[in-house]
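One structure is given below, encoded as structure tokens.
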Amino acid sequence: VVAIEGARQASWNAGNVLLVAQTMGDAVMEPRAISALTRRGISALIYMTIFTREITAPDFLYSLEIPVILLNCYTADYAFPAVVPSEIAGGQSATRHLIAHGHRRIATITGEPWMQAAQDRLKGYRRALATADIPFDPELVVEGDWSASAGYAATVKLLGLKERPTAIFCQNDRTAIGCYEALKEAGLHIPQDISVVGYDDEEIARHLFPPLTTSILPHLAMGQWAIEQLETPPTPGRGRYPITKLECPLVERESVAGVKSPT
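Residues in the sequence shown are numbered consecutively from 2, following this note's numbering.
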């Protein structure tokens, strides 16, 4: 996991060693793992989730006498310093980039709707449209599941619309892979016929043809941020801490162009 690598690098640079225990959210395993680590004299705990979300922190986190940092998650009571990606702003930036190139009929292929990342990226998409006075069209929003196969199927559906989109915001890079495949099978060229933007900046994004414009998911920086908070560690069990949201900057490559003129 990239966030763990970021924390590992920052720990090493600070002269510390990062110990990792993976519990898969198991309610029995978690307290056992924490107990085993604290018996070995750890000086702080970083509690991380794979999916960005609000959590109900386990009771044992509140009783620890060492600093606790939340990575990729947060609590409603703001009891711990926490860091997450700024997903709404990221979705807004990706959509705004397409608008800046003259696109107004912009589709988006979402992730699974129960996930906060999908919800927030869609909010960002809608905000960008609203800011540009572009009416929201629900038929241009197709639900996916983050996979290339879902991206392919969603793109086929979008191409079947009476008025197809001129640009597609794929809410992750794997979705964009399937989108590319469907567009090429339909005889369309990227970005001359349809522009495509992804999200996450996985390594594959720069190797697609054309290279994919996408947003960086700042997991490496988030891991580093978590370690940096320990330079002036929070007092265990005291205070309210704002949620830190790190920017998801856009990486411009070659998959976006202006709207094709009608022939």
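In this text, a Cβ means the ideal position worked out from N, Cα and C, and glycines have one as well. All values reported here derive from a predicted model rather than from experimental measurement.
A distance of 7 Å or more separates the beta carbons of residue 42 and residue 224. Distance from the Cα of residue 205 is smallest, within the candidate group 138, 175, 155, 191, for 175. The continuous alpha helix (DSSP H) containing residue 223 extends over residues 220-229. Inclusion of residue 129 and residue 106 in the CB contact set at 7 Å is not warranted, their separation being larger than that value. Approximately 5 Å separates the beta-carbon atoms of residue 159 and residue 108; this is inside 8 Å, confirming the contact. C-alpha of residue 152 to C-alpha of residue 113: approximately 12 Å in a straight line.
Less than 7 Å divides the Cβ of residue 214 from the Cβ of residue 253. In the structure shown, residue 52 adopts extended strand secondary structure according to DSSP, grouped into three states. A direct Cα-to-Cα measurement between residue 155 and residue 242 gives close to 40 Å.
Secondary structure at residue 39: helix, using DSSP grouped into helix, strand and coil. In this structure the stretch 44-52 touches the stretch 60-71; the number of beta carbon pairs closer than 8 Å is three or more. For residue 247, the number of other beta carbons within 10 angstroms of its own is at least 16, and it is reported as buried. Contact annotation: residue 169 and residue 133 have beta-carbon atoms that are not nearer than 7 Å. Burial state of residue 79 is exposed, judged by a 10 Å Cβ sphere holding fewer than 16 other Cβ atoms. In this structure, the alpha-carbon of residue 177 lies about 32 Å from that of residue 76.
Within the same chain, 102, 192, 193, 196 come within 8 Å of residue 258 by CB-CB distance, once the 5 residues on both sides are set aside. In summary, residue 208 is exposed, with fewer than 16 beta-carbon neighbours lying within 10 Å of its beta-carbon over all protein chains present. Taken atom to atom, the span from the alpha-carbon of residue 179 to that of residue 142 is near 16 Å. Looking only at 173, 212, 200, 201, the smallest Cα-Cα distance to residue 190 is reached by 212. Under the criterion of beta carbons closer than 8 Å, residue 145 and residue 89 do not qualify as touching, at roughly 19 Å.
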